[in-house]
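Residue numbers (this note's numbering), protein chains in the order written: chain A, 756 to 1071; chain B, 35 to 382; chain C, 2 to 358.
Below: the structure, in structure tokens.
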Amino acid sequence: MLRFTAQRLTHAVMVILVVTLVTHIGLFYFGDPFKTTPDEKMLPPETQQMLRERFGTDKPFLARYLIYLKNLFTGEFGVDFEQRRPVGELIAHVAPHTAGLAVLAILISLTVGVLAGALAAVRPGTALDAVITTTTITLLCLPVFVVALVFRQELSGLRLFGVELFPALPHAFGVDVPWLREVLLPAITLALVDIAFVARMMRASMLDVLAADYLRTARAKGLSERRVVLRHGMRNAIIPVVNHAGLAIGALMGGAVIVETIFQYDGVGFLFIKSLHDANRPVVIAIALLGAIAFVLLIALVDLISAYLDPRIRVT
Amino acid sequence: MASVDDLDIDLDSSAPLLEVRDLRVHFVTDRGVVKAVDGVSWMVNEGETLAIVGESGSGKSVSAMTILGLIQSPPATFPSGDIFLRGKSLMKMPEKQQRKLRGREIAMIFQDPLTALNPVFRVGDQIAEMVRNHQKVSKVVARRRALDLLGEVGIPNPAVRLNQYPHEFSGGMRQRAMIAMALANDPQVLLADEPTTALDVTVQAQIMALLVKLQEDRNTAIVLITHDLGVVASHADRINVMYAGRIVEAGTTDEIFYEPRHAYTFGLLSSLARMDHRRQERLTPIKGVPPSLANVPPGCPFHPRCRFATEACVVAVPRLETVSGNGHLAACVHSDQVGMANEERLAQ
Amino acid sequence: MSEAVDPVGNGAAQISVSQPAGTPMIEVTDLVKHFPIRSGVFIKRTIGHVKAVDGVSFAVHKGQTVALVGESGCGKSTTARAILRLIEPTSGRVELDGVDVTKLGKEKLRQARRDMQIIFQDPYASLNPRMTIRQILSEKYQLMGVAIKKSTISDLLDTVGLAEEYADRYPHEFSGGQRQRIGIARAIALNPKFVVLDEPVSALDVSIQAQIVNLLEDLQDELGLTYLFIAHDLSVVRHISDRVAVMYLGGIVEIADRDELFDRPHHPYTQALISAVPIPDPKLERIRETIVLRGDVPNPANPPSGCRFRTRCWKFEQLSEGERQRCIDERPALNPVSGSGHRAACHYAAVREVVRA
């Protein structure tokens, strides 16, 4: 396991280096990144000069690249065009919101999806199975932006027994909504489509596992059916689902941008869209780069979890 | 050491160790009723090895799995029959009690040890689970027992192997690990479903030698389910020959091999290529194919392929009757003719 | 090196299969197949080789059957596939009726393939489930540009004992034995000269095996086929083969005419192998002794030095210190041990009766 971890992390670091290299070349080779075009807001010349110094634009390639990397590590991305704030701070302010949203969405989709899929597999051909299967197919067909728009339209400000479940949008001025209430509806929206994938995958995987020889052996040992299915069965069935999670991360990131924007949820995705709209180039580039790095690291994490769950993967 | 007393199931020690009586296992499918096992009776006692011989679709595996309650019902139904462990009915026992016996009084090893072991758990843990499921011992004690068992079945470096996963074992070692697991609670009966079919012949010899030794040490009854007549010749005390869900002949090993009295047994023995014979010109196959269990021929299920078949064979299902000695049974109308044909064959 | 050159008159004491002079149908010389093992954290380098086939030589004469026997990992299947160039050999020569097929270019190889065919072990996996039997068989003719007459397919099916109406069904509608017949039909469709049979009956029920074995022999007589029979079931091997080569860990350890090998084996592995095969004869089994080998087959990426079998060899235990050293240092060559083409790769080869004792 250790050897596998070392290998996998080394791979991840290599990929990240390549990404940063490509970004760097793209930024600094094709002109001056701090000189703004007529469409963009102007950076005052002193600011431009300060930035050039900070990024060592006059230095040779390798030194410049290393400075760039160092800046990356310390969160130095230059200054945004809109308000001349440090980009790093801007992102750091909203990143936790997105992280929270993503984690909650994953938790919801995994819990609900795994349970639904397992239930459908243990009772195949029943009404429950039919309901789960049809629901998941329907969910798969719904694009995330449609779901988000509909939910925002119908469900925000929803009151149940006098309690407001989901905060009304747009936020009333001056009202401070606690984070947990604010994130709930966006998280559910984001999780919804993935629930369908997870449930279907879990169902298929579980059906395979239930027919496996080692379950028969487990029963022959005299283990209770519950233990056979939960311990021996689920543990194997969940492996393809974890593998799928790697793919889902990409969809999640894209989905987060849409969901945050529609719900006006103050996260990295929303910032990204706003910055695109405002032609705020440094922010856009920084978010894109950080997004790529996060993606690589998350995929590596998923791989490590997979290898932990399935010892056969460790033999590379 | 597991003790029968704390099972609180009273067993009759004068009754045969394991007895199957008129067992029928039918599956309801959209092709019709599949009669996997159709009226099978046999018994086995401690220290004995009973072989159940048959080809695919003979019902031999299903009958063994029914003993351990491994056949899911539905879709299986049990129109008749019962299974007795020392006189106590297993099929009438509540599921909870049956589970206490599974892996404890009766244990089973399966054909393909790679798929029969859970790939994500360590081998030592899987064996320890078997121990802890039936004995109230701590994890440490259970692991210790697993270690001892691995050594007893001849796995070198057991301490290292204990922490490895099934895919890190070779085929022969995996089967040894399965045997270790099956014996963890000192069962009285071991059901072995094609234990060596997936193994190389030298490994097969090792595994069969191991089973023999373990049987001598523990006086276990072994029910050996296989299609390999060579293995049966060298390791079985008694043999049941199954065809299309029924026992067509039963007897001691010598009786079955030297005095077959059912046309199928005779046909099977005649069709074998022999390593100890100089070359025959042609082999003598049994014509046709084994029947689908959803569509068993009327009367004697073997009659469409039988060279001795007459009208009498189609009319009614032949009953198992004594043909010679004590306990040599055959369900064949023409058992005498088979006997004569066999004499001729042996004379050659 | 050729097995064809055997002095006439040798081994007159017992019946030997005649070794006709002239070009053998298949002649394999020093066939080698190594699979590279790649490992590394970032850049994969080749750190070693799995020596699946490590210098195999033998010949098969026209109309004969030579069996390659051995256990898993011995290299028999790899050898067969390398002969047909389904796997590219690392080195060595394979001559089909005098022509070296290892040197042929793509087009010539395709034409040569018409003469060398293979029948696979698993009748369930070797037929495309989406094609009807007619399509499967017709494809053969189409690939080689041979015209199909109206009766071609039905005649072919008839040859293997299948009724004409089966032609338009799909593989899953057939039993294992019938599918194997289809596989055989496919192999002989274009009248090949040489057929590799890779465990053709292992996956079949016992009562069907005899049918298929008879069919294979009949076809061999009718069509003058040459067979290379890969198997681990020694009983069938004894029935169908003319000559037998025993493989262990990538090399041939003994090769002899059929009866000679079974009645008078000389190599300790052959002896252990034969003794391990149970015979369906209880009285015989009771008096027979089984030589039980210790341990597992060594890793083919890292075989033992000298004689590869020494780590499990029962005879090694009985040797003196000096004799053992020879086994450790020197890889034994396939040397003649008794007349008429019987060779064994053992420094201390001696006959031992294992079938009846």
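Just so you know, even glycine gets a beta-carbon here, dropped at the ideal spot from N, CA and C.
Beta-carbon neighbours of Glu163 (chain B), restricted to chain A and to distances below 8 Å = Lys976, Leu978
State the Cα-Cα distance for the pair Asp835 (chain A) and Leu856 (chain A), rounded to the nearest angstrom.
-> 25 Å
In terms of residue numbering, what span does the beta strand (DSSP E) encompassing Ala60 (chain C) cover?
-> 46 to 61
What does Asn991 (chain A) touch in chain B if you count any residue whose Cβ is under 9 Å from its own?
-> Asn152, Pro153, Val154
Any beta-carbon of chain B closer than 8 Å to the one on Ala346 (chain C)?
-> no
By the 10 Å Cβ neighbour count, where 16 or more other Cβ atoms means buried, how is Arg244 (chain C) classified, buried or exposed?
-> buried
How about Val18 (chain C): is its C-beta nearer than 8 Å to some C-beta of chain B?
-> In this prediction, Val18 (chain C) has a pLDDT of 47, which is less than 50 and means its spatial position is unreliable; what the coordinates show is noted afterwards. Not an interface residue.
C-beta atoms of Val96 (chain B) and Asn274 (chain B) nearer than 8 Å = no
Taking C-beta to C-beta, are Ala218 (chain B) and Val175 (chain B) nearer than 8 Å?
-> no
Against chain A: residues of the segment 80 to 104 of chain B by CB proximity under 7 Å | Leu102, Leu104
Test item: CB-CB of Leu274 (chain C) and Val247 (chain C) under 8 Å = yes
Straight-line Cα distance separating Phe203 (chain B) from Gly93 (chain B) = 31 Å
Round the Cβ separation of Ile38 (chain C) and Val51 (chain C) to the nearest angstrom and send it over; I've been treating them as touching at under 8 Å.
-> 6 Å
Does His362 (chain B) have its Cβ less than 8 Å from a Cβ in chain C?
-> no
Spell out the partners DSSP gives Glu202 (chain B) in its beta bridges.
-> Partner(s): none; Glu202 (chain B) has no beta bridge.
Name, going along the chain, the residues of the segment 187 to 213 of chain B whose beta-carbon falls closer than 9 Å to a beta-carbon of chain C.
-> Pro190, Ser204, Gly205, Gly206, Met207
According to a CB-to-CB cut-off of less than 8 Å, which residues of the segment 56 to 75 of chain C neighbour chain B?
-> Glu72, Ser73
Hey, would you say Thr775 (chain A) sits closer than 8 Å to Leu827 (chain A), going by beta carbons?
-> yes
Assuming Arg1077 (chain A) and Leu924 (chain A) form a contact by the criterion Cβ under 8 Å, report the distance between their Cβ atoms to the nearest whole angstrom.
-> Given that chain A is displayed from residue 756 to residue 1071, the structure contains no residue 1077 (chain A) and the question cannot be resolved.
With 8 Å set as the bound, which would you pick, yes or no: does the beta-carbon of Gln136 (chain C) sit closer than that to a beta-carbon of chain B?
-> no
Taking C-beta to C-beta, are Leu104 (chain B) and Ala975 (chain A) nearer than 8 Å?
-> yes
Listed from N- to C-terminal order along the chain, which residues in the segment 240 to 266 of chain B have their beta-carbon within a distance smaller than 9 Å of any beta-carbon of chain C?
-> Gln240, Met242, Ala243, His261, Asp262, Leu263, Gly264, Val265, Val266
Mind listing which residues of the segment 226 to 241 of chain C have their C-beta closer than 7 Å to chain D's C-betas, in chain order?
-> This model lacks chain D altogether; the protein chains it does include are A, B and C.
Three-state secondary structure assigned by DSSP to Leu935 (chain A) | helix
Between Ala267 (chain B) and Phe300 (chain B), is the Cβ-Cβ spacing less than 8 Å?
-> no
For Phe121 (chain C), does the three-state DSSP call read helix, strand or coil?
-> coil
Report the partner residues of Ala232 (chain B) according to the DSSP bridge assignment.
-> Paired residue(s): none; Ala232 (chain B) is not in a bridge.
C-alpha gap between Lys134 (chain B) and Thr972 (chain A), whole angstroms | 15 Å
Leaving out five residues on either side along the sequence, give the residues of the same chain with a beta carbon under 7 Å from the beta carbon of Pro279 (chain C).
-> Glu286
Is DSSP giving Ala257 (chain C) helix, strand or coil here?
-> strand
Quick one, which of A:Arg1036, A:Ala1043, A:Pro1037 has its alpha-carbon nearest Gly1024 (chain A)'s?
-> A:Ala1043
Is the Cβ-Cβ distance between Phe195 (chain C) and Leu69 (chain C) less than 8 Å?
-> no
Specify whether the segment 51 to 71 of chain B and the segment 236 to 243 of chain B touch according to this definition: at least 3 beta carbon pairs, one from each stretch, less than 8 Å apart.
-> no
How would you call His173 (chain C), buried or exposed, if buried means at least 16 neighbouring beta carbons within 10 angstroms?
-> exposed
Classification of Gln319 (chain C) by the beta-carbon crowding that lies within 10 angstroms, buried from 16 upward | exposed
What did DSSP end up calling Leu225 (chain B) once you bin it into helix, strand or coil?
-> strand
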